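In what follows, a structure is listed as structure tokens, so that the remarks can point back to it.
Residue numbers (the numbering used here), protein chains in the order written: chain A, 1 to 214; chain B, 215 to 710.
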């Protein structure tokens, strides 16, 4: 029996690893934003590079999983849903990678007074990602907790939206150059995109979970 | 000549393979869980195995309904059923080969004036209602059970996929076996009474009865149907007719296979009887009915919102139309075969109350005086004899069945040349010795041969009719039928 499921187990392990990477990227994101705001540039760069590596590895894993699902005609009924979920999860990882890359390259001047809000926004994005990962794991195991996770992702996304709105108001009412306002506002949107991307995947997940019933 | 006549059975077998294998593997192939090549190979092997190993039970019930005793008749009955199946398939209705063949046999009975055994007909027709209901109940229960189990076990989607695939293959193999065992009766069952008894040894080791060889040929025809035509039907069944998830498809096939097996397993019937439980009749049931019943069962378990009553009504209408159409086609086809092509479509079974038959009937309580006018009269068939018995004064509401049994003329000669050819795996040495002691004796009635054997040896003794003795008596009855077929003589040889 163990031999019979050996290939399946290997693929399950790959999916788990992919989700581990997604979760880790989420956690690194908050830490990297904190490092940036507290001017620990070496640590920030180190985390950014780690995220880039994880993104590359996750990409390889995803492609391998997709190839195997097709080549061995596995889960023909749910394959479309599974591939959709995995591919969209990639957009979450990409959102984190791109945000950190642009922070590193553009070095936005974030005022001390707004730093806490930036960290909080990144933190809510991270929470949304963690709930999303839990939901996807539940989906693969047919767990009833999927809808709970989907609900929590939506909650953190809404909370993040509130901070985005507040931050943009604060930025555009402050006495900065318009170029700086635009730059800071752009980063608010970028950090907020992480929870948006997570919510987009979780919407798919909710539908796929219903379809997964026998 | 036999092979020429068998073409209609092969045609029927082919259409059964094309249609009913789709019931077994349709969902699996259409959902790409199992490759068509794998499905066809497994169906082919297991259909043939089921037919040869367990095909006898349901065939016997079909034989009781009406023994089509000339190859011309068997040819027409199978052809009528095959054409009806083809017609219904083209009308887009899930066919029931069983109903078509039963309709064909009743058509033959009506045409030849033979007795339609009301008990057997009632048993078969009642299973047409019981089969889909049983399949629905089984599928519904399995669905609820599996849903409960999966909700608790949290099986990974990939593991569930692997398990479903293995399940579909196992259940499909079981389904193909059950299909072969149960439905082979439909394909070649009507030819069984028309082929000579006896057996053939293969490589000097394995012994096959002629009936088993017939089942093998029928099984191969079904397998050919699976390979050549079932892919299209599988896609139709698996995608167009209903859309099920692979797991629900697995449940449908499992319920279908269990129901077919229940109605084909002699072992299970004997086991139930020996434990004083109600026995399941061994009847060829429709695999399409079982599948549709199972789907409805799952739909009900899911809340019953998606059942299309219109479609269901159309399908049920097809179930009524099939036996009627096959019966009419068989009746008129036989008329043409007999009167236009002058083929023999029946071995006439005459009825006569001979002196021994009179003595038997009197011993069973019939009035000697009332019987007198009938004695010595020869009746061409069961219908004419039954009418005469009913007309005769003083017999009142006599049990016509008793009269038919007593007066049916079948000639037997215990030819010593045939004794060495008897199947010694089936008969005990004591039973063969009893037969030998009757060398060159002749008998006019079936019951006479039976009584003679019982009188000749304890090895042929039937035990009192209790449930405990059921298996013994049934076994002896099978052997007796075999001996009767082996020593029967025809005024005109079968099929000529």
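Here a beta-carbon is modelled for each residue, glycine too, at the ideal position from N, C-alpha and C.
The model shown is predicted, which means the values in this text are computed figures rather than measured ones.
Query, Result
"Residue from 469(B), 331(B), 406(B) whose Cα sits closest to the Cα of residue 283(B)", "406(B)"
"Segments assigned alpha helix (DSSP H), at least 4 residues, entirely inside the stretch 137 to 207 of chain A", "146 to 173"
"Residue 696(B) - containing alpha helix (DSSP H), residue span", "684 to 701"
"Within-8 angstroms CB hit, residue 247(B) to chain A", "yes"
"Touch test, the stretch 426 to 446 of chain B against the stretch 343 to 352 of chain B, Cβ-Cβ under 8 angstroms, three pairs minimum", "no"
"Chain B within 8 angstroms of residue 185(A), Cβ atoms only", "no"
"CB contact below 8 angstroms: residue 78(A) versus chain B", "yes"
"Residues bridged to residue 566(B) [DSSP beta-bridge criterion]", "592(B)"
"8 angstroms Cβ cutoff, residue 430(B) in contact with chain A", "no"
"Euclidean distance between Cα positions of residue 307(B) and residue 683(B)", "44 angstroms"
"Between the CA atoms of residue 314(B) and residue 665(B) - distance to the nearest angstrom", "37 angstroms"
"One or two residues paired with residue 657(B) in a DSSP bridge", "626(B)"
"Beta-carbon contacts of residue 180(A) that lie in its chain and below 7 angstroms, excluding the five residues immediately before and after", "109"
"Beta-carbon proximity of residue 122(A) to residue 44(A), cut-off 8 angstroms", "no"
"Inter-residue CB distance, residue 435(B) and residue 301(B) (contact presumed, cutoff 8 angstroms)", "About 19 angstroms; that fails the 8 angstroms criterion."
"Between the CA atoms of residue 654(B) and residue 299(B) - distance to the nearest angstrom", "47 angstroms"
"Cβ-heavy atom distance, residue 573(B) to the ligand ATP, below 7 angstroms", "Ligands in the displayed structure: none, and consequently the ligand ATP is not present."
"Whether residue 670(B) touches residue 651(B) by CB criterion (8 angstroms)", "yes"
"At least 3 beta-carbon pairs within less than 8 angstroms: the stretch 83 to 99 of chain A vs the stretch 168 to 176 of chain A", "no"
"Sequence-distant residues of its chain with Cβ nearer than 6 angstroms to residue 461(B) (five each side left out)", "378"
"Backbone CA spacing between residue 117(A) and residue 167(A) [nearest angstrom]", "7 angstroms"
"Contact residues within the stretch 12 to 44 of chain A, judged by C-beta distance below 7 angstroms to chain B", "12"
"Reference residue 293(B); option with closest CA among 256(B), 588(B), 542(B)", "542(B)"
"Chain B residues whose Cβ lies nearer than 8 angstroms to that of residue 65(A)", "Those within 8 angstroms of residue 65(A) in chain B number zero; the least Cβ separation is about 10 angstroms."
"Distance between beta carbons of residue 340(B) and residue 478(B), contact taken as under 8 angstroms", "Not confirmed; about 16 angstroms, so no contact."
"Proximal residues of chain B, C-beta to C-beta of residue 141(A) below 8 angstroms", "368, 369, 370, 371"
"For residue 247(B), the three-state DSSP class (helix, strand or coil)", "coil"
"With 16 other Cβ atoms within 10 Å as the buried cut-off, status of residue 553(B)", "exposed"
"Assigned secondary structure, residue 368(B) (DSSP; H/G/I helix, E/B strand, else coil)", "coil"
"The stretch 493 to 508 of chain B contacting the stretch 462 to 481 of chain B, beta-carbon criterion three pairs below 8 angstroms", "yes"
"Close beta carbons around residue 119(A), own chain, < 8 angstroms, minus the five adjacent residues each side", "30, 33, 34, 37"
"For residue 188(A) and residue 113(A), the rounded distance between their alpha carbons", "14 angstroms"
"Whole-angstrom distance between residue 355(B) and residue 323(B), CA atom to CA atom", "41 angstroms"
"Contact list for residue 73(A) against chain B, beta-carbon separation under 9 angstroms", "246, 247, 249"
"C-alpha distance - residue 98(A) paired with residue 193(A), whole-angstrom precision", "11 angstroms"
"Beta-carbon contacts of residue 185(A) that lie in its chain and below 6 angstroms, excluding the five residues immediately before and after", "168, 171"
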